[in-house]
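J.:
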Amino acid sequence: MRMLNPLLDDALLPDFAAISPTHVLPAVQARLDALEAGIAAIVAPQTPRDFDHVLLAEERLQQALARTWSPVAHLHAVADSAELRAAYAEAEQRITEVQARLGQHRGLYEAVRAVRERADFDQLGAAERALVEHTLRDFKLSGVALDEPACTRFRTIAQELSRLGTGFEEAVLDAGEAWREHITDERDLVGLPPSAREVLAGYARAAGLDGFLITLQQPAVQAVLTHAEDRALRERVYWAWNTRASDQGPQAGRYDNTPRIAQILALRHEAAQLLGYANAAALSLADKMAPGVTAVRAFLDDLVQRARPRGVDEREALRAYAAAELALPDLESWDIAWVSEKLRMARYALDEEQIKAYFPLPQVLDGLFAILTRVFGIRVRESGAAPVWHPDVRYAEVFDADGQLRAGIYLDLYARRGKRGGAWMDVCRSRLRSAQDAQLPVAFLTCNFAAPGRDAPALLTHDDVQTLFHEMGHVLHHLLTEVDLPGVGGIDGVEWDAVELPSQFMENFAWQREALDLFARHYQTQQHLPDALYQRMLDARHFHAGLHLLRQLEFALYDLRLHAEYDPAQGPRTLALLAEVRRSVAVMLPPAWQRFPQAFTHIFAGGYAAGYYGYLWAEVLAADAFARFADEGVFNATTGAAFRREILAVGASRPALDSFRAFCGRDPDPLPLLRSYGLAA
1 MRMLNPLLDD ALLPDFAAIS PTHVLPAVQA RLDALEAGIA AIVAPQTPRD FDHVLLAEER
61 LQQALARTWS PVAHLHAVAD SAELRAAYAE AEQRITEVQA RLGQHRGLYE AVRAVRERAD
121 FDQLGAAERA LVEHTLRDFK LSGVALDEPA CTRFRTIAQE LSRLGTGFEE AVLDAGEAWR
181 EHITDERDLV GLPPSAREVL AGYARAAGLD GFLITLQQPA VQAVLTHAED RALRERVYWA
241 WNTRASDQGP QAGRYDNTPR IAQILALRHE AAQLLGYANA AALSLADKMA PGVTAVRAFL
301 DDLVQRARPR GVDEREALRA YAAAELALPD LESWDIAWVS EKLRMARYAL DEEQIKAYFP
361 LPQVLDGLFA ILTRVFGIRV RESGAAPVWH PDVRYAEVFD ADGQLRAGIY LDLYARRGKR
421 GGAWMDVCRS RLRSAQDAQL PVAFLTCNFA APGRDAPALL THDDVQTLFH EMGHVLHHLL
481 TEVDLPGVGG IDGVEWDAVE LPSQFMENFA WQREALDLFA RHYQTQQHLP DALYQRMLDA
541 RHFHAGLHLL RQLEFALYDL RLHAEYDPAQ GPRTLALLAE VRRSVAVMLP PAWQRFPQAF
601 THIFAGGYAA GYYGYLWAEV LAADAFARFA DEGVFNATTG AAFRREILAV GASRPALDSF
661 RAFCGRDPDP LPLLRSYGLA A
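Counted the way UniProt numbering counts, the sequence shown spans residues 1 to 681.
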């Protein structure tokens, strides 16, 4: 009996234990063949030009492809191998080529337009109408109106950008995994707390080594730069981390992303001009909440003016403390996190190790799930029935208050080799309901926390807790949608500069006493987070808020200007423009050899090209929305139901601004954001 390719199994959950790289290309090709055959049937003359026969039919075809591709793309991010990487690259090119052709399929475009022009169009539901309008817009942004040779050139650009983005991300991963430093004398790690040393010892054991192993996984980098007394060690780690995939550093030239950056920017600019836009930034903003490049630039410049004076004050205080207390008259980039931690400890008596003891990961998860029950009326329960790709991965089911199974979540929370850095949420399955379908939404929640030690559970910093809550906000947006059409349900189709609203909203719960009481207990004594320690955490909440905000503004302005000011005659000006931005924004300049852009995956390999500003744009919305909870009660179920109904449930069935207005009853107010950074009374 022939075994079914597990990537062609339409079960709710992928059989990760059975998937191998050899399954990828046959499954993807089978889905693409079915997709193209299905589109041919949609555009056939005898097919009615109504919503179900055109839009819903295409949604069902695209979801079949997504059921195959989503687990493949996820494994590429969390379980990298040479075999999977090769299969992924070829499959991605095939998918991009087919989707680019469909984006310019004039027969399909005319079929969708015929649905839009029907006399009964206004009788469709809000989600159905939104899907039609979004689809017509996306056709135009895919070059459906282009003639040859521009039409073919646009598709070629799409394929090349897909290939370059994947190569960029893989180079960052490879460069990070190529560097490590073996420590055999524990005295070289003076300053690192026991939990950090245990992490490094765990890395050494995994590599078959004695002693300790410093890698470029985030827990190791953070521990060394924040705590190591050995300045030379801090410098080496900073140097390796900040020159990844570049022409500098210990791997100089080996994985260099510089040529890819030049190609990516040139191709994005060319694609934008083919569509009639002045530049890639203008094209990026065509489907976002912000009205245009000028408005975004004004928004960012205003925040710079508000934050820079505070940043200067924080820099001077840091320098003064370093000189007076630490005998460091010249503060270098690899000193900043270390000195900051010393100053924070001196000013607020906050010890990171002391705080971490109150945030063991199992308790934090239980508390987070309890918060979701109180605020949104859902219950999250772990289930061991789902096949997973690594023993550390957990799966949980989400139930509504009536006990009805609603969705699922995979949680992959620890750093390891072969796994992309950072934290993110991604889609495994989307909600799709019709006469023929009853597909529940399932999400991936991925972080890179330090794994448990031999004698202690995984302990989170408070920043880690906020990261977990942030990604859960994205998960909720996906899982709690009431929209039955994937193209406008959950996070899909939501303006990219508003999609961070639920995630940044959820971060606020990590600061509320009522929420912390549900999970912040010492992992050994079970003592609740003491009031005095909590108050010191609150007092320190705005510590270096100016420096943090300026760094985000630096990223956002660099990204925006890189795409808006691109001139083919000059080329990318990658480093020159970064230096310009830093002179006007930053208050502490890194060394000339620092190569931040070469690892800026958000804009060169993710979805944030000319859109990184969206984090701050959405933060305005999130801070303002949470202000209603602050007024009405953190666990006010009525307020939670309103947020679920007006923000989470509606997806992209209406503009994000309309959803915000429905929840808050007015336009966004930036004041709560400024207060959250300590920049307003």
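All C-beta atoms, glycine included, are put in the ideal place defined by N, C-alpha and C.
The model shown is predicted, which means the values in this text are computed figures rather than measured ones.
Alanine 119 and arginine 49 - do their beta-carbons sit closer together than 8 angstroms?
T.: Your numbering for residue 49 matches position 49 in the sequence shown. Your numbering for residue 119 matches position 119 in the sequence shown. Taking 8 angstroms as the Cβ cut-off, arginine 49 and alanine 119 do not qualify as a contacting pair.
J.: In the DSSP assignment, find the unbroken alpha helix (DSSP H) run with tyrosine 414 in it and report its ends.
T.: The residue labelled residue 414 in the question sits at position 414 within the sequence shown. Run containing tyrosine 414: none in the alpha helix (DSSP H); it sits in the beta strand (DSSP E), 405-414.
J.: Quick check: the segment 454-474 against the segment 92-105, are there 3 or more CB pairs under 8 angstroms?
T.: Too few Cβ pairs lie closer than 8 angstroms, so no.
J.: Which residue's Cα is closest to the Cα of glycine 640: Leu476, Asn257, Ala207?
T.: The sequence position of residue 640 within the sequence shown is 640, counting from 1. Answer by Cα proximity: Leu476.
J.: Compare the C-alpha of leucine 7 against each of Thr638, Val54, Glu58, His74 and name the closest.
T.: Counted from its first residue, the sequence shown places residue 7 at position 7. Among Thr638, Val54, Glu58, His74, the Cα nearest to that of leucine 7 is on His74.
J.: Report the CB separation of glycine 311 from valine 587 in whole angstroms; it is logged as a contact under 8 angstroms.
T.: Here residue 311 refers to the residue found at position 311 of the sequence shown. Here residue 587 refers to the residue found at position 587 of the sequence shown. Correct: roughly 4 angstroms between the Cβ atoms.
J.: Just curious, the beta strand (DSSP E) that aspartate 183 is in, first and last residue?
T.: Here residue 183 refers to the residue found at position 183 when the sequence shown is read from its first residue. Note that residue 183 corresponds to isoleucine in the displayed sequence, not to aspartate. That run of the beta strand (DSSP E) goes 180-183.
J.: In angstroms with no decimal places, state the Cα-to-Cα distance between leucine 173 and lysine 419.
T.: Along the sequence shown, read from residue 1 onward, the residue named residue 173 stands at position 173. Along the sequence shown, read from residue 1 onward, the residue named residue 419 stands at position 419. Distance between the alpha carbons of leucine 173 and lysine 419 is about 8 angstroms.
J.: Assuming contact is defined by CB atoms lying nearer than 8 angstroms, are valine 199 and alanine 220 in contact in what I supplied?
T.: In the sequence shown, residue 199 corresponds to position 199, counting from 1. In the sequence shown, residue 220 corresponds to position 220, counting from 1. In this structure, alanine 220 lies closer than 8 angstroms to valine 199 by Cβ.
J.: Answer yes if the segment 91-99 comes into contact with the segment 30-46, meaning at least three C-beta pairs across the two stretches below 8 angstroms, and no otherwise.
T.: Short answer: they touch.
J.: If you reduce the DSSP assignment to three classes, tell me which class proline 672 lands in.
T.: Taking the first residue of the sequence shown as position 1, residue 672 is located at position 672. Helix, per DSSP.
J.: Pull up the DSSP beta-bridge partners for aspartate 567, would you.
T.: Taking the first residue of the sequence shown as position 1, residue 567 is located at position 567. Answer by DSSP bridge pairing, in chain order: Gly571.
J.: Taking only three categories from DSSP, how would you classify arginine 429?
T.: Working through the sequence shown from its first residue, we reach residue 429 at position 429. Strand, per DSSP.
J.: To the nearest angstrom, report how far apart methionine 1 and proline 71 are at their CA atoms.
T.: For the purposes of this step, residue 1 is taken as the residue at position 1 of the sequence shown. For the purposes of this step, residue 71 is taken as the residue at position 71 of the sequence shown. A caution first: methionine 1 carries a pLDDT of 38, below 50, which makes its placement in the model unreliable, though a value can still be read off. So the two alpha carbons sit approximately 25 angstroms from each other.
J.: Please list the terminal residues of the continuous beta strand (DSSP E) segment that includes leucine 213.
T.: Here the question's residue 213 lines up with position 213 in the sequence shown. Run containing leucine 213: 212-215, per the beta strand (DSSP E) assignment.
J.: Anyone know if the C-beta pair for glutamate 507 and phenylalanine 543 falls short of 8 angstroms?
T.: Here residue 507 is taken as the residue at index 507 of the sequence shown, counted from 1. Here residue 543 is taken as the residue at index 543 of the sequence shown, counted from 1. Their beta carbons are not under 8 angstroms apart, which means glutamate 507 does not touch phenylalanine 543 by this criterion.
J.: Determine the closest residue to tyrosine 203 out of Ser430, Ile264, Asp412, Thr215, with distance taken between C-alpha atoms.
T.: Start at 1 with the first residue of the sequence shown, and residue 203 comes out as number 203. Ranking Ser430, Ile264, Asp412, Thr215 by Cα distance to tyrosine 203 puts Thr215 first.
J.: Beta carbon of glutamine 594, beta carbon of alanine 245: below 8 angstroms?
T.: For the purposes of this step, residue 594 is taken as residue 594 along the sequence shown, with counting starting at 1. For the purposes of this step, residue 245 is taken as residue 245 along the sequence shown, with counting starting at 1. Result no, Cβ atoms of glutamine 594 and alanine 245 do not sit closer than 8 angstroms.
J.: Should the segment 330-343 be called in touch with the segment 497-506, which here means at least 3 C-beta pairs below 8 angstroms?
T.: Result no; under three Cβ-Cβ pairs closer than 8 angstroms.
J.: Which complete alpha helix (DSSP H) runs does the segment 596-663 hold, if anything under 4 residues is left out?
T.: Complete alpha helix (DSSP H) runs here, min 4: 601-604, 614-632, 637-643.
J.: Cβ atoms of glutamate 83 and proline 21: under 8 angstroms apart, would you say?
T.: Counting from 1 along the sequence shown, the entry for residue 21 is found at position 21. Counting from 1 along the sequence shown, the entry for residue 83 is found at position 83. Yes.
J.: Buried or exposed: leucine 485, going by 16 or more other Cβ atoms within 10 Å of its Cβ?
T.: In the sequence shown, the residue the question calls residue 485 occupies position 485. With 16 or more Cβ atoms within 10 Å of its Cβ, leucine 485 is classed as buried.
J.: Quick check: the Cα distance between glycine 665 and alanine 627, rounded to an integer number of angstroms?
T.: Here residue 665 refers to the residue found at position 665 when the sequence shown is read from its first residue. Here residue 627 refers to the residue found at position 627 when the sequence shown is read from its first residue. Going from the Cα of glycine 665 to the Cα of alanine 627 covers about 13 angstroms.
J.: Exposed or buried, alanine 228, counting other C-beta atoms within 10 Å across all chains shown (16 or more means buried)?
T.: Reading the sequence shown from its first residue, position 228 is the one you call residue 228. Counting Cβ neighbours within 10 Å, alanine 228 comes out buried, since at least 16 surround it.
J.: State yes or no: is the C-beta of phenylalanine 505 within less than 8 angstroms of the C-beta of alanine 625?
T.: As a first step, residue 505 must be located in the sequence shown, where it is residue number 505. As a first step, residue 625 must be located in the sequence shown, where it is residue number 625. Yes, these two residues count as a Cβ contact at 8 angstroms.
J.: Hey, could you find the ends of the beta strand (DSSP E) arginine 381 is sitting in?
T.: In the sequence shown, residue 381 corresponds to position 381, counting from 1. Residues 379-383.
J.: Residue range of the alpha helix (DSSP H) that valine 587 falls in?
T.: The count along the sequence shown starts at 1 and reaches residue 587 at position 587. Unbroken run through valine 587: none, as it is neither H nor E.
J.: Residues in its own chain within less than 7 angstroms of alanine 201 by CB, not counting five upstream and five downstream?
T.: Stepping through the sequence shown from its first residue, residue 201 is reached at position 201. Answer for alanine 201: Phe212, listed in chain order.
J.: Between alanine 515 and glutamate 169, how many whole angstroms is the CB-CB distance? I'm expecting something under 8 angstroms.
T.: Taking the sequence shown and counting its residues from 1, the one referred to as residue 515 is at position 515. Taking the sequence shown and counting its residues from 1, the one referred to as residue 169 is at position 169. Not really, about 34 angstroms apart at Cβ, beyond 8 angstroms.
J.: Three or more C-beta pairs under 8 angstroms: does that hold for the segment 608-621 against the segment 282-293?
T.: Judged by Cβ distances under 8 angstroms, the segment 608-621 makes contact with the segment 282-293, as three or more pairs qualify.
J.: Assuming cysteine 428 and alanine 443 make a contact with CB atoms under 8 angstroms, what is their CB distance in whole Å?
T.: To locate residue 428, count along the sequence shown from 1; it is residue 428. To locate residue 443, count along the sequence shown from 1; it is residue 443. Right, their Cβ atoms sit about 6 angstroms apart.
J.: Please state whether DSSP places leucine 440 in a helix, a strand or coil.
T.: Within the sequence shown, residue 440 is the residue found at index 440, counting from 1. DSSP places leucine 440 in coil when its eight states are reduced to three.
J.: Just tell me which of Glu90, Gln62, Leu55 has its CA closest to the CA of histidine 23.
T.: In the sequence shown, residue 23 corresponds to position 23, counting from 1. Considering only alpha carbons, the answer is Glu90.
J.: Three Cβ pairs or more, each shorter than 8 angstroms: is that satisfied between the segment 152-161 and the segment 264-277?
T.: Contact between the segment 152-161 and the segment 264-277 is present, because at least three Cβ pairs lie under 8 angstroms.
J.: Spell out a yes or no on whether the segment 247-266 and the segment 140-149 are touching, meaning 3 or more CB-CB pairs, one atom from each, closer than 8 angstroms.
T.: Segments in contact, no.
J.: Across the segment 532-548 and the segment 304-322, are there enough close Cβ pairs to call them in contact, namely three or more that are closer than 8 angstroms?
T.: These segments touch.
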